[in-house]
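Notes for the one structure printed next.
2 protein chains.
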Amino acid sequence: MKLNDLQTPWTLARRAQKMNPSVLREILKVAERPGIVSFAGGLPSPATFPVAEFADACARVLRDDGRAALQYAASEGYEPLREAVAALLPWNVEPGQVLITTGSQQGLDLVAKVLIDAGSRVLVETPTYLGALQAFAPMEPAVEGVASDAEGVDVEAFSARADAARFLYVLPNFQNPTGRTMSEARRAALVERAAALGVPLVEDNPYGDLWFEAPPPLPLTARNPQGCIYLGSFSKVLAPGLRLGYLVAPPAVAPKLLQAKQAADLHAPSFNQRVVAEVMKDGFLQRHVPTIRALYRAQRDAMLAALSREMAGLDVTWNVPDGGMFLWARLPRGMDARSLLPEAVERGVAFVPGAPFFAGETDPRALRLSFVTATAEQIDRGIALLAATIREHRGR
Amino acid sequence: MKLNDLQTPWTLARRAQKMNPSVLREILKVAERPGIVSFAGGLPSPATFPVAEFADACARVLRDDGRAALQYAASEGYEPLREAVAALLPWNVEPGQVLITTGSQQGLDLVAKVLIDAGSRVLVETPTYLGALQAFAPMEPAVEGVASDAEGVDVEAFSARADAARFLYVLPNFQNPTGRTMSEARRAALVERAAALGVPLVEDNPYGDLWFEAPPPLPLTARNPQGCIYLGSFSKVLAPGLRLGYLVAPPAVAPKLLQAKQAADLHAPSFNQRVVAEVMKDGFLQRHVPTIRALYRAQRDAMLAALSREMAGLDVTWNVPDGGMFLWARLPRGMDARSLLPEAVERGVAFVPGAPFFAGETDPRALRLSFVTATAEQIDRGIALLAATIREHRGR
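Respectively, the protein sequence lines represent chains A and B. Numbering follows this note's numbering, with no gaps: position 342 of the first sequence is 342. For this note's numbering, count along the second sequence from 1 and bump the result up by 396.
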């Protein structure tokens with residue numbers, strides 16, 4: 001008998017049996033086809049990547065400290081980078097509280113490992129970041145969406161679901177997928193209520209620096225650091241291809257997150273950490289981020305103008321995000337974004353249907369449009385194609 | 397009432413309650429103290445890092461393809477790097493079967509997520525790689541050590557424990573911690589038995605290229621690819637600070653591992669993947685790896701010579717590894733490596749006690765000595781200090 005005749009009966013973990021081909025991944029694949037105007041991906045504009053600064057920083061790091069930069073390193077992260085992160089944050093954070101992660105997506109994975117048992121109740125906004133749902137899923141939580149409006153999570157709806165919830169996950173600034181920002185009043189009320197109810201908050205802030213007219217209100221974590229975990233990222237202000245993010249957690253959970261981090265991948269790439277610390281020296285972000293804001297604001301305006309022009313009379317609605325990368329739109333009554341997508345792709349434009357972003361009941365009419373990856377010219381063309389798709393779909 | 401007066405009652409997941417400060421981490425901290433000769437860490441010799449080649453590759457990647465290198469990328473990995481990995485492996489592997497991971501430690505995390513339910517039986521060698529135990533732990537397996545000798549896992553002992561085991565984890569080449577290599581006969585017997593019993597094998601091979609006299613026998617996976625997951629790493633042949641590894645898995649599990657990878661950190665750093673693919677062009681590894689082998693062989697020989705000289709008459713035994721980074725020693729009868737360690741550190745030499753590497757019953761006399769991080773001169777001094785520590789300890 002040959003070995004090849006024996007079929008090894010792989011037994012998958014229960015969580016793996018539930019894993020399905022990722023909607024996000026399939027979307028990104030569609031968006032990569034040449035000739036398609038894609039509003040689908042959450043990709044920062046590559047025009048904003050400081051390529052020359054990275055080249056200089058790589059050369060300096062390898063010249064001055066190459067062997068240390070290529071060696072194994074501490075799981076907590078590179079000390080000067082932790083110091084730089086602590087200095088960036090708008091509340092009193094010690095460098096020792098900062099854990100450098102392999103992108104802020106890993107922060108979500110670590111939070112899930114440390115806080116979620118199978119069946120644990122986890123609360124999220126309605127809708128919420130799809131990648132967070134995917135990061136939490138392997139720990140098999142019972143995820144519940146909390147009713148939310150244009151100002152963010154409804155505090156009374158949160159209270160009604162708070163019992164035994166392990167945490168509430170919130171993305172208060174220029175949310176993915178809706179682009180909405182939690183108001184000052186809502187933040188104050190939510191933090192106070194969460195503290196009173198004893199429910200931890202997990203605050204995800206990848207887009208907070210990308211404001212257009214004025215900075216968003218103070219983070220939730222700044223208002224009650226002992227009751228919150230804060231996740232940040234370098235992906236939107238420098239570049240996502242380095243996979244660097246960070247988290248700040250109170251002493252009640254920080255040591256466990258560090259241990260989970262070490263078990264997950266030992267440490268974030270030490271070379272990348274040194275390169276980013278080198279790029280950030282001398283206040284580079286303070287000069288660089290305003291250029292990203294200006295570009296993204298212009299592209300948001302181009303998309304708003306194109307929507308006003310092309311969607312006239314189509315019963316399509318959309319919001320006006322104050323920053324970030326995404327705009328949230330709703331199709332005419334009775335239309336489903338998921339069934340519209342293949343027709344749109346056929347015409348040459350892609351978007352993300354809103355449905356996968358909902359933990360519970362979905363809004364089939366919702367869709368997410370990124371205004372940062374496509375150029376202004378592509379935005380004009382793509383929105384016109386989308387309007388034509390809607391018009392034809394309605395006529396069927 | 398102030399927010400700060402309210403203590404948020406964080407409820408940890410069951411797995412997190414079991415997480416303890418990592419033995420490995422504490423060891424690495426000790427080893428970092430200046431003036432200490434450390435045989436403790438698993439750090440490759442920084443003298444082997446091709447710093448100039450990395451500097452050239454970073455410059456070329458950022459010049460020729462900077463924006464793509466800094467953008468988000470596919471979770472599977474960078475295609476030319478997957479092709480390079482497939483071409484390196486000594487059996488027929490398609491690039492599409494290769495998943496690039498954030499270090500091979502992440503490969504262990506993904507395997508755990510996809511194959512382990514709480515209480516699942518997982519088999520490991522006796523002793524086994526500590527980092528694997530740490531990576532599996534969050535999924536709460538029941539880990540059992542399989543009796544092993546100088547040739548590797550005892551096949552009969554494996555058979556006796558095979559019932560309902562999710563997999564057997566093995567590190568056949570120059571094992572961490574023992575330095576031992578699984579013999580050809582043992583490999584053939586193990587793979588055949590595992591296939592007959594229907595137990596998958598997870599084969600970890602970070603050190604296989606670091607052979608001293610002759611290459612090790614063919615990997616287990618090459619003998620039955622449908623029944624094995626193979627984990628590899630660039631940490632020991634290029635540099636660990638880039639955090640790049642890879643895995644090859646059969647179709648029964650590969651799509652689930654990919655989905656777990658995406659949820660964990662979206663993708664391994666795209667910049668690093670391109671830099672490593674660039675460095676590997678034109679057969680660089682074929683020129684570079686022999687220099688690592690020569691260095692490590694010389695350092696192993698220095699350690700063997702120092703042990704013969706310094707441990708004479710001390711009832712200390714050790715093995716002679718045919719490659720890799722580690723040597724496994726045993727202290728005199730009645731001595732415990734854990735209680736010796738603080739005394740050794742006091743004298744200026746560090747090692748890793750063997751106990752944490754055992755899933756079940758431990759060998760308190762065992763200790764792991766790395767011969768690659770310290771220089772030959774430091775090895776001489778360190779082994780003399782270790783012998784003096786043992787002599788004094790015995791005299792108490």
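Heads up, the beta-carbon is just placed ideally off N, CA and C, and yes, glycines get one too. It should be emphasised that the depicted structure is a prediction, and the values quoted were computed from it without experimental measurement.
Interface residue (Cβ-Cβ distance to chain A less than 8 angstroms): T524 (chain B) is not classified as such. In chain order, T8 and P9 make up the part of chain A whose C-beta sits under 7 angstroms from the C-beta of G594 (chain B). Counting every other CB atom within 10 Å of its CB across the protein chains shown gives Q413 (chain B) a total below 16, marking it as exposed. In the same chain as E94 (chain A), and ignoring 5 residues on each side of it, the C-beta atoms closer than 8 angstroms to its own belong to A86, in chain order.
Take the alpha-carbon of V352 (chain A) and the one of R368 (chain A): they are about 5 angstroms apart. Secondary structure of I229 (chain A) (DSSP, three-state): strand. Annotation for I496 (chain B): the continuous beta strand (DSSP E) segment containing it runs V494 to T497. Among the CB atoms of chain A, none fall inside 8 angstroms of the CB of Y642 (chain B). The C-beta distance from A746 (chain B) to A436 (chain B) rounds to 4 angstroms, short enough to meet the 8 angstroms contact threshold. Residues of the same chain with a CB within less than 7 angstroms of the CB of A453 (chain B), apart from the 5 flanking positions on each side, are V671, E674 and V675 in chain order. A185 (chain A) sits in a helix when the DSSP states are folded into three classes. Taking a C-beta distance under 8 angstroms as the contact criterion, E310 (chain A) and I379 (chain A) do not qualify as a contact pair. Less than 8 angstroms divides the Cβ of L190 (chain A) from the Cβ of V155 (chain A).
Annotated three-state conformation of F680 (chain B) is helix, per DSSP. Taking V595 (chain B) as the centre and dropping the five residues before and after it, the same chain places the C-beta of A558, A561, F563 and L564 closer than 7 angstroms to its C-beta, in chain order. Beta bridge pairing from DSSP links G575 (chain B) with no other residue.
A check of alpha carbon separations from R333 (chain A) across A:P364, A:T8, A:L6 and A:Q273 identifies A:P364 as the nearest. Excluding sequence positions up to five before and after V510 (chain B), its CB lies within less than 7 angstroms of the CB of V649, K652, L653 and A656, all in the same chain and listed in chain order. Going by DSSP, E53 (chain A) is part of the alpha helix (DSSP H) stretching over V51 to A69. Residues of chain A with a Cβ closer than 8 angstroms to the Cβ of G499 (chain B) are, in chain order, D265 and L266. Counting of Cβ neighbours within 10 angstroms places K425 (chain B) among the exposed residues, the total staying below 16. Its chain contains L634, A635, V675, F680 and H684 as the residues whose beta carbon lies nearer than 8 angstroms to that of P446 (chain B), once the 5 sequence neighbours on both sides are disregarded; these appear in chain order. Nearest Cα to M535 (chain B) within the set B:E521, B:D513 and B:E547: B:D513. With its beta carbon at least 8 angstroms from every one in chain A, S434 (chain B) lies outside the interface. Taking C-alpha positions only, P476 (chain B) is separated from P44 (chain A) by approximately 24 angstroms. For a cut-off of 8 angstroms, the C-beta gap from G637 (chain B) to L70 (chain A) is around 4 angstroms, short enough to register as a contact. A check of alpha carbon separations from T373 (chain A) across A:A329, A:T178 and A:L295 identifies A:L295 as the nearest. Taking a Cβ-Cβ threshold of 7 angstroms, the residues of chain A close to D513 (chain B) are A13 and R14, in chain order. DSSP places R777 (chain B) in the helix class (H, G or I) of the three-state scheme.
Per DSSP, P90 (chain A) has no beta-bridge partner at all.
Taking 8 angstroms as the cut-off, the Cβ atoms of A528 (chain B) and D605 (chain B) do not count as close. Listed along chain A are V51, A52, F54, A55 and C58, each with a C-beta nearer than 9 angstroms to that of L458 (chain B). When the alpha-carbon of G145 (chain A) is set against those of A:N20, A:P321 and A:G360, the nearest one is in A:G360. At least one CB atom of chain B sits nearer than 8 angstroms to the CB of L242 (chain A).
In the structure shown, S370 (chain A) falls within a strand segment according to DSSP collapsed to helix, strand and coil. Taking the Cβ atoms as the reference, L89 (chain A) lies roughly 53 angstroms from R619 (chain B), outside the contact range of under 8 angstroms.
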